[in-house]
Structures are given as structure tokens and as C-alpha cells.
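**Student:** Would you mind keeping the following structure in view while I ask a few things?
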């Protein structure tokens, strides 16, 4: 992100957004003290922000102690999704694909050094990944991440990877920027990516780009599964054809827009 | 909402949230001037807020002029949805129901004087309502709204309806609070509600409550369709049985939590 002059920075807005973001699936309801601690604010600051959010209807307080988000919060994020022209179009195709391969399918876009899920269809299996819309995962360790990075020019990509903070998340994670560069070039050439337990042991995924009319990659589509259910070779043999065919259907629908 | 002391109110947080909410499907990308006008801020104020949001990664600026929301915005609203225990559970049942009746199905909760969509499954028809998650509709003119109001005690309900600002949205909209009160009592007694073109001419819907283990209504489920495709009698004959049966399935799944 660009730098910003200190005089232009609205600090209380940052604090307020941090308070909203502090409510997550593990912390759906928190006391003032808990919020202050989680966001690293003084109690007085946290109190003013929670009262303001409550007054504006974004937060509710059930018994005078526990704060939680209220449905109005949906007005903030959802305009982003409904603004993605391909989002509504792609969803039924994702459902079809998930039913066909009996594994979860997702769509994501790039945001800084993460991929962000914008759609996800889960199968009814017990063992699925607990990932929802808005979930962020590191770009370098995911098949969708590599697909999304493959649209960069060689020089930019090399520089990007050399500046990227790469953690060895599993024994399989590729941490060498030059090796990653070669992998992503391969992805660009063949049009798909596999990540084999690089994010988490037990998780394999295969991804393809979704391109607009001009050939620009606008999102990535993947199928992910548990490594015990599907080998790396099977991913390519069984999942790549329906994945490719779904991409064509989505692109056809998007290009008609 | 409760009142708040002026000294406790964080005004720049309100302004910032208004700026975020100003990006909607019709205004996905706006200049500084457009944002300032839409949110009724000075250019200087709007500029500081947009720069702060851009610095924090919630907003992006593509050509130095047009601002739009970035995927990070999803971190704000989605924790609300993933916090609803019944949300993920209900979704596959909604899909099943929509496939069965070949009409769109939705789930909503009450927020002040609106219902707010928390899940929606559309059919592939051309003629569907353009409603997404987070969409707000007036409680009094919708079948789900009446279902959600029916959990109130008589006295509270009567007072609520008499204080409610009711607009005659179509020739069918019931605007008399006492008549609405009687309708909602009927809904409570028989366990379902119909709204017949009260929100918009051409739209009919039928709704049932989803209740938790203690019998408290936590959400409403509906089927909506175009009036030209389905008569009011058909809604009750054809749609009520599968709707009721879906509610039972969802409730069984929720009560096991």
C-alpha cells in the first residue's frame, strides 16, 4: 500500500474497523474488556467505539455485557461481492462442479499477498475444510494463488516473490523464491496449478484461471480434497477435465455480459 | 437504538462506515467527488477517509481517480454470517427446496424495521429478483417480516406497529397498523405467512419461522415467485408442504448442535 501523511490518517476509523474485524467465528460475542484486549485499545477507547457501533446498529449488546455483530454489518461487505459481475454467474457452475467431483470447489481473487475466497461450495462430507467467504490464505502455498500470480510479467513476478515473506508451513512448502518463480511460469504455460500439501498436510488442490474477454485473469477456480481421498495423479486425471470444462462454461457466461 | 452521550460518539467512525456502505451494486466505483456527494461529506473529509481506507487495504484506487472496495472488506461482514450457527447448516436444505419448487428460497433475520437476507438460493430462471445476502426489505410488507414479528408479545407488537413508518408500496400494501396486527396474529396461530404483491407488484411469497430448541423464532424461510407463474392458492397448496418439511429438516439439524 502507498504511504499516507500522518495528518490524513483517520485513526479512530482504523480502530473501529479493527473492533469490527475482531469478531470472528471463535469470538462471536465479547465483553468490552475482551474487545479492548483483542484489539489492543484502552477500555475507554474500546467503549466509545462499541457504543458508537451499537448506536449505528452494527453491533448489538444482549445482556448489557456481551457485544456481538448485528445483521446490519452485512451492508458493509456484501456490496463488494454483488459488485463482482462474475460472482452470481459463477455460483451455479461451482455447485454443479462440486456435485460432479464430490469435493469442495472455491473461487478466489488476489488481495496483496493473500488469496481471498469469494465463493465456495462445500460437499456434505464430514471432513471438509472450514473455509468461508472472505477467508484469506497465503498466495504462495495455494494452487489458486499460483494461478493468480501467473498473470504477472516475469520481471514483476520475480521481484514480488523476492520481497514476499514466505513461511515453511509444511515440509512441502516451497520457500525458495526462484523455485516458486519457475513453478508459476509452468502454471502460466500449462494453464493450471496443483498444490500438494504445501499449506497444510492432508490438503491437495488443483486450480485454473478464469479470464475475461481480453484474456486477463480475473479469478481462480479450484477443487480441493483430502490427500487421503485423492492422489496427486488422480487430481490431474479425474479433476482437471471437469475443472477446465467448468471454467469454459463460466467464461462463456461472463463474456456474454 | 439507545441514546448515546455526544462525547462518546466517534463521528469519524460513522463517516468511514457511511463511505464503505456508499459503494453498492449501482456505485461500485466512484471518484472522490462522487463519494463526498453521496455521503454528504466535504471533499477534504471524504479524501482523508478514502486515503485511510486505501492505506488499510479496504479500498483500492485503480487509475488514481476511481475508488472501489477491495476484497479485504469481506473480513468485516462475514464473521457475522459464520457466527450464525444455523447458516451453514441451512444452506444445503435451501438449495434442495429451491430445486424442488423451482423458485428462489431465502432465509432472513430481523434487524430493527427491516428483514435482512442471510441466505438465498436463486433458480436459474431469467426472471428472478435481484436480491443478495445483506439486502434489507421493510418488515411490514414481506412474508418473512410477518413471520419474524409474530414472535413478539401482543402488547409489544401493537406498540411496535403503531410506531412503525409504513409506506404504501403497492396498492396491496397493508398500511393500517391494526389490520397488520390481526394479520400477524393469524401468522402466529397458523405458523406461516403469505405476502401477495405488497412489496412490489408481481411478487408473491410464503414464509415459515425456523425455531430453536426452546421454541424461539431465530429466522424465517421463504419461497418467492413471480405472480404470473404462481397464484396465491397455488403458493399455499404447492409450496407450503415442501417449505414446512424443509423447516423441520433444518430445525432437526440445528437442535442437534
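Residue numbers (the UniProt record's numbering), protein chains in the order written: chain A, 1 to 257; chain B, 1 to 257. Positions of the beta carbon are idealized from the N, C-alpha and C atoms, including for glycine. Bear in mind that the values here come from a model prediction, so they are computed numbers and not experimental data.
(1) Run through DSSP, which three-state label would residue 152(A) get?
(2) Please state whether DSSP places residue 44(B) in a helix, a strand or coil.
(3) Should residue 153(A) be labelled buried (16 or more other beta-carbon atoms within 10 Å of its own) or exposed?
(4) Whose Cβ in chain A lies nearer than 7 Å to the Cβ of residue 21(B)?
(5) Taking Cβ-Cβ distances shorter than 7 Å, what residues in chain A pair up with residue 16(B)?
(6) Taking residue 225(B) as part of the beta strand (DSSP E), name the residues at either end of that continuous run.
(7) Assuming residue 141(A) and residue 169(A) are in contact, meaning their beta carbons sit under 8 Å apart, how far apart are those beta carbons, in whole angstroms?
(8) Give me, in chain order, the residues of the same chain whose beta-carbon lies closer than 8 Å to that of residue 238(B); leave out the 5 immediate sequence neighbours on both sides.
(9) Count the other CB atoms, across all protein chains shown, that sit within 10 Å of the CB of residue 64(A); report buried if there are 16 or more and exposed otherwise.
(10) Alpha carbon to alpha carbon, how far is residue 241(B) from residue 245(A)?
(11) For residue 111(B) and residue 147(B), what's the separation of their Cα atoms in angstroms?
(12) Comparing C-alpha positions only, which one of 248(A), 256(A) and 222(A) sits nearest to residue 116(A)?
(13) In chain order, what residues of the same chain lie with their CB nearer than 8 Å to the CB of residue 250(B), ignoring the 5 residues before and after it?
(14) At a Cβ cut of 9 Å, what residues of the region 144-170 of chain A count as close to chain B, listed as they run along the chain?
(15) Determine which residues share a DSSP beta bridge with residue 107(A) and list them.
(16) Mapping DSSP to helix, strand and coil, what is residue 92(B)?
(17) Against chain A, does residue 111(B) count as a neighbour if the rule is that its beta carbon must be under 7 Å from one of theirs?
(18) Any Cβ of chain A within less than 7 Å of the Cβ of residue 64(B)?
(19) Between the Cα of residue 16(A) and the Cα atoms of 162(B), 49(B) and 98(B), which residue gives the shortest distance?
(20) Give me the chain B residues within the contact set of residue 116(A), using Cβ-Cβ distance strictly less than 8 Å, ordered along the chain.
(21) For residue 186(B), which three-state DSSP category applies?
(22) I need the boundaries of the beta strand (DSSP E) containing residue 59(A), first residue and last residue.
(23) DSSP three-state call for residue 206(B): helix, strand or coil?
(24) Can you name, in chain order, every residue of its own chain whose Cβ lies under 8 Å from the Cβ of residue 248(B), other than the five neighbours on each side?
(25) Residue 250(A) lies in the alpha helix (DSSP H); which residues open and close that run?
(26) Using a Cβ cut-off of 7 Å (strictly closer), state whether residue 48(B) contacts chain A.
(27) Beta carbon of residue 104(B), beta carbon of residue 144(B): below 7 Å?
(28) Let me confirm a value: residue 263(B) is counted as buried when at least 16 other C-beta atoms fall within 10 Å, else exposed. Which label applies?
(29) DSSP three-state label for residue 23(B), please.
(30) Could you name the residues of chain A that residue 58(B) contacts, counting a contact when the two beta carbons are closer than 8 Å?
(31) Please confirm whether residue 206(B) and residue 235(B) have their CB atoms less than 7 Å apart.
(32) Looking only at DSSP bridge pairs, what is residue 194(B) linked to?
(33) Helix, strand or coil, according to DSSP, for residue 68(B) in the structure here?
(34) Inspect the beta-carbon positions of residue 29(B) and residue 3(B) and report whether they are closer than 7 Å.
(35) Find the residues of chain A that neighbour residue 97(B), judging by a C-beta separation of less than 8 Å, and give them in chain order.
(36) Hey, out of 12(A), 213(A) and 157(A), whose CA is closest to residue 184(A)'s CA?
**Tutor:** In this structure, then:
(1) Three-state result, residue 152(A): coil.
(2) It is helical.
(3) Burial call: exposed.
(4) Per Cβ cutoff of 7 Å: 75 and 76.
(5) Result: 10, 13 and 16.
(6) 217-226 is the span of the beta strand (DSSP E), which, as asked, contains residue 225(B).
(7) The beta-carbon separation of residue 141(A) and residue 169(A), rounded to 5 Å, stays under the 8 Å limit for a contact.
(8) For residue 238(B), same chain residues with a beta-carbon under 8 Å away, outside a window of 5 residues either side, are 101 and 230 in chain order.
(9) Within 10 angstroms of the beta-carbon of residue 64(A) lie fewer than 16 other beta-carbons, which makes it exposed.
(10) Taking the straight line from one Cα to the other gives about 37 Å.
(11) When the Cα atoms are used, residue 111(B) and residue 147(B) turn out to be separated by approximately 13 Å.
(12) Minimum Cα distance to residue 116(A) is reached at 222(A).
(13) Around residue 250(B): 86, 89, 90, 93, 210 and 221.
(14) Within the region 144-170 of chain A, not one residue has a Cβ closer than 9 Å to any Cβ of chain B.
(15) DSSP output for residue 107(A) lists 119(A) and 221(A) as bridge partner(s).
(16) Helix.
(17) Residue-level contact check: residue 111(B) touches chain A, since one or more beta carbons of chain A fall below 7 Å from its beta carbon.
(18) Not a single C-beta of chain A is nearer than 7 Å to the C-beta of residue 64(B).
(19) Out of 162(B), 49(B) and 98(B), 49(B) has the C-alpha closest to the C-alpha of residue 16(A).
(20) Below the 8 Å Cβ cutoff, chain B contributes 71, 72 and 74 as neighbours of residue 116(A), in chain order.
(21) Looking at residue 186(B) - three-state DSSP - the assignment turns out to be helix.
(22) Residue range 59-61 is occupied by the beta strand (DSSP E) that includes residue 59(A).
(23) Taken through DSSP and simplified to helix, strand or coil, residue 206(B) comes out as strand.
(24) Cβ within range, chain order: n/a, list empty.
(25) Where residue 250(A) is concerned, the enclosing alpha helix (DSSP H) stretches over 240-255.
(26) Chain A, which has a Cβ nearer than 7 Å to the Cβ of residue 48(B), makes this yes.
(27) Judged by their CB atoms, residue 104(B) and residue 144(B) are not nearer to each other than the 7 Å cut-off.
(28) There is no way to answer for residue 263(B), as the model of chain B reaches only from 1 to 257.
(29) Reduced to three states, the DSSP call for residue 23(B) is coil.
(30) Per Cβ cutoff of 8 Å: 17.
(31) The answer is yes: Cβ separation under 7 Å.
(32) According to DSSP, residue 194(B) bridges with 206(B).
(33) Residue 68(B) sits in a strand when the DSSP states are folded into three classes.
(34) Judged by beta-carbon spacing, residue 3(B) lies beyond the 7 Å limit of residue 29(B), meaning their Cβ atoms are not closer than that value.
(35) In chain order: nothing, as chain A lies at least about 14 Å away.
(36) In terms of CA proximity to residue 184(A), 157(A) leads the group 12(A), 213(A) and 157(A).
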